[in-house]
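Notes follow once the structure below has been shown.
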Amino acid sequence: MQKISRREFLKSLGIGTAGVALFEGASAVPALAKENLPDFKLGPFKLKRTKETASVCAYCGCGCGIIVYSENNKVVFIEGDPDNPINEGA
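For the sequence shown, counting from 1, position 67 maps to 74 in this note's numbering; every step adds exactly one.
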């Protein structure tokens, strides 16, 4: 039995892996045909129905500005206020 070096083993392993990846990718091409693509229709923007209220975060003493989105008196989303000079929306 011929002794194989580590370098030769890794080279063979890389070539084998590349070959398998190449043929696996080639077999997936029919699945990507145009008629098989899903339809990505978006529904209405959920935050469009909400009430937007500017507020201040009470987590620490910095007073970062936040925008609170609520629907039926329930908070549904919070984001940083880009107009606030303290955190600038971060």
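Positions of the beta carbon are idealized from the N, C-alpha and C atoms, including for glycine.
Query                                                                                                                                                : Result
Residues in the same chain with beta-carbon distance under 8 Å from L54, minus the five sequence neighbours each way, listed in chain order, please. : Y76, V83 and F84
Rounded to whole angstroms, what's the CA-CA distance from G21 to Q9? Just pull it up for me.                                                        : 20 Å
Along the chain, where does the beta strand (DSSP E) that runs through G72 open and close?                                                           : G72 to E78
Hey, out of E86, F16, E78 and E15, whose CA is closest to V63's CA?                                                                                  : E86
Express the C-alpha separation of G70 and E95 in angstroms, rounding to a whole number.                                                              : 12 Å
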